[in-house]
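Protein chains in written order, with the working numbering: chain A, 1 to 361; chain B, 362 to 615.
To start, the structure under review is shown below, and the notes come after it.
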């Protein structure tokens, strides 16, 4: 049975969910555990069509709580396991995600954001930022990649498996309903041919040899008896996370060198920002864009560097300030005037950004 | 001068000596149930293939109980964690260990669906008719009229329903290849045999296997030792009939 679903590289035109399924295959994912929820369903649809051809597995669980915990189980047994969800499913999945944080379970979660709160819409928003970065009890010791297009969905889904297994923190690909459902072109590739070596996976339970005779048993827990014990464990987790953060953090900029107005945004909204910058520059307004790719950890130093040189800052997001709340601690102490476009549940066009920035002038 | 005879406690070989004496309250059923499980693991010679999972609640105190790889997970979520492992590594023998809350209340959906899917797992559930670690609240298995912290005047079945009959439910929704039984800490040889059959059913790749074990809570029941035994043997068995409910191709245990 062929185990290389993607040979060489190919130009494709497909939906974001299909991209995620292909990327997981290309990354060598062994098993997906999932539960249907819109707008991520087609990740499962494509996975269940492709996976058996390449000796990979799937389990449709009874809910997202179970999908998250079975994913943790798959990872604990040494498999490159993943799941995908959205909205209310993301809410339910916070419980296994918190276990993955505490036990450093390198599970991969693909989130295709929809509108909230509650059931809300099944279409689009950027309203799962706070939950994906900081949901559940605990400190949000996760890695979250916010993608902007299908090429990035492919690249970062592959990368998420490597980041998760290298650093052993739960890793998220944060897309959205628009990315999930729309079609656009991208290049899919065999990671190896791009020089990407997939990080080896290994079991944390079900280890070889007889426990107690040949080796100590793996006794894993995520419950602690005293506050002092928990404090030490969490402090150690935080220290480890912060040590790795500089290696993990990613961002991109557009025409920030001389930018007087900086648009701060993430994910698909950045595409409207890029378009707006072209129009603004043509009109003689020096606009630029700063876009974190990792929302956790957050690219604090480069953002500060860009914003303190600018005269104005505009934060744009399809949520009521969730991304702004994530970004603002990085800007503490700066006095750059700031305005916002917050549109929970709605997409943002370049025209709106252009108009807002012209109004700000 | 008298000579003292020191009797070494007889422990299953699969127990981890370093973690004994165990952390359960004196008189708690968990120790006996885990002894039956340990003996079954020993007799089947599967210690090197077992992955043991436990819940939140008193059962979590078993996270380092065995010389087997083990994982302690969340309240009610042991079944999906072990399902995830078993689906990824079918050669492992996966045991999910939980209490009545973890199996019949917060984790009921997972128990029902794992049973319906005939997951090749072994689920062991200790039924002590109340929530132990959180301080003695009402459980799905609390008996009619039973006083708990959240049913201080006695469980009113009109308001809160009847005790959950877990094995009966699991037997009803599983295919013929499942093994389902209810044992008791009051009959350890029988409970051990049930554990062995439940594990053998998984080893054979037949399907889901489920053993409920009637258990005692010497702390929250607020009874002396004699009354505790009487409660397990006489009161609990009025509702929870001990015996095998589903046995694939084997002789039934009475």
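Note that CB positions come from ideal geometry on N, CA and C, so glycine has one too.
With a cut-off of 8 Å, does the C-beta of residue i fall near any C-beta of chain B?
| i | result |
| --- | --- |
| residue 222 of chain A | yes |
| residue 234 of chain A | no |
| residue 99 of chain A | yes |
| residue 72 of chain A | yes |
| residue 33 of chain A | yes |
| residue 64 of chain A | no |
Could you please give me the residues that DSSP links to residue i through a beta bridge?
| i | result |
| --- | --- |
| residue 543 of chain B | B:573, B:604 |
| residue 60 of chain A | A:34 |
| residue 108 of chain A | A:82, A:171 |
| residue 13 of chain A | A:185 |
| residue 145 of chain A | A:173, A:294 |
| residue 252 of chain A | A:291 |
| residue 263 of chain A | A:289, A:314 |
| residue 486 of chain B | B:459, B:573 |
| residue 220 of chain A | B:432 |
| residue 54 of chain A | BP columns for residue 54 of chain A are empty, so no partner. |
In whole angstroms, what separates the C-alpha of residue i from that of residue j?
| i | j | result |
| --- | --- | --- |
| residue 399 of chain B | residue 52 of chain A | 37 Å |
| residue 217 of chain A | residue 420 of chain B | 18 Å |
| residue 17 of chain A | residue 180 of chain A | 5 Å |
| residue 526 of chain B | residue 575 of chain B | 12 Å |
| residue 571 of chain B | residue 464 of chain B | 11 Å |
| residue 100 of chain A | residue 67 of chain A | 13 Å |
| residue 173 of chain A | residue 334 of chain A | 30 Å |
| residue 518 of chain B | residue 508 of chain B | 12 Å |
| residue 109 of chain A | residue 440 of chain B | 20 Å |
| residue 9 of chain A | residue 188 of chain A | 6 Å |
| residue 281 of chain A | residue 87 of chain A | 37 Å |
| residue 132 of chain A | residue 152 of chain A | 18 Å |
| residue 559 of chain B | residue 98 of chain A | 32 Å |
| residue 598 of chain B | residue 555 of chain B | 17 Å |
| residue 412 of chain B | residue 502 of chain B | 27 Å |
| residue 363 of chain A | residue 232 of chain A | Since the first and last residues shown for chain A are 1 and 361, residue 363 of chain A lies out of range. |
| residue 553 of chain B | residue 401 of chain B | 6 Å |
| residue 312 of chain B | residue 564 of chain B | Outside the modelled stretch of chain B, which goes from 362 to 615, sits residue 312 of chain B, for which no answer is possible. |
| residue 95 of chain A | residue 491 of chain B | 24 Å |
| residue 381 of chain B | residue 387 of chain B | 13 Å |
| residue 329 of chain A | residue 135 of chain A | 18 Å |
| residue 257 of chain A | residue 130 of chain A | 30 Å |
| residue 45 of chain A | residue 587 of chain B | 59 Å |
| residue 349 of chain A | residue 453 of chain B | 53 Å |
| residue 460 of chain B | residue 371 of chain B | 25 Å |
| residue 4 of chain A | residue 192 of chain A | 10 Å |
Report all residues from its chain with a CB closer than 6 Å to the CB of residue i; omit the five preceding and five following residues, and keep chain order.
| i | result |
| --- | --- |
| residue 476 of chain B | 531, 534, 535, 569 |
| residue 1 of chain A | In this predicted model, residue 1 of chain A has a pLDDT of only 47, less than 50, meaning its place in the structure is not dependable; the value taken from the coordinates is given anyway. Same-chain partners within the cutoff: 55. |
| residue 32 of chain A | 47, 58, 82 |
| residue 105 of chain A | 72, 75 |
| residue 249 of chain A | 294, 297, 299 |
| residue 659 of chain B | Outside the shown range of chain B, which is 362 to 615, sits residue 659 of chain B, and nothing can be said about it. |
For residue i, would you say it is in contact with chain A, using Cβ-to-Cβ distances shorter than 8 Å as the test?
| i | result |
| --- | --- |
| residue 482 of chain B | no |
| residue 421 of chain B | yes |
| residue 368 of chain B | no |
| residue 527 of chain B | no |
| residue 395 of chain B | no |
| residue 569 of chain B | no |
| residue 427 of chain B | yes |
| residue 560 of chain B | no |
| residue 505 of chain B | no |
| residue 391 of chain B | no |
| residue 453 of chain B | yes |
Does residue i get closer than 8 Å to chain D when you measure Cβ to Cβ?
| i | result |
| --- | --- |
| residue 230 of chain A | Looking at the structure shown, chain D is missing, and the protein chains on hand are A and B. |
Do the CB positions of residue i and residue j come within less than 8 Å of each other?
| i | j | result |
| --- | --- | --- |
| residue 366 of chain A | residue 38 of chain A | Residue 366 of chain A lies beyond the stretch modelled for chain A, which goes from 1 to 361, so this question has no answer here. |
| residue 204 of chain A | residue 220 of chain A | yes |
| residue 165 of chain A | residue 144 of chain A | no |
| residue 347 of chain A | residue 124 of chain A | yes |
| residue 89 of chain A | residue 128 of chain A | no |
| residue 77 of chain A | residue 450 of chain B | yes |
| residue 341 of chain A | residue 314 of chain A | yes |
With a threshold of 8 Å on Cβ separation, who are the neighbours of residue i within its own chain once the five nearest residues in sequence on each side are excluded?
| i | result |
| --- | --- |
| residue 355 of chain A | none |
| residue 549 of chain B | 393, 396, 397 |
| residue 539 of chain B | 476, 479, 531, 532, 562, 567, 568, 569, 570, 571, 607, 609 |
| residue 390 of chain B | 487, 489, 546, 574, 575, 576, 577, 578, 593 |
So, for residue i: in the same chain, excluding its five sequence neighbours on each side, which residues have a beta-carbon less than 7 Å away from its beta-carbon?
| i | result |
| --- | --- |
| residue 270 of chain A | 148, 289, 291 |
| residue 433 of chain B | 415, 421, 424 |
| residue 408 of chain B | 375, 402, 428, 429 |
| residue 444 of chain B | 475, 480, 482 |
| residue 600 of chain B | 504, 524 |
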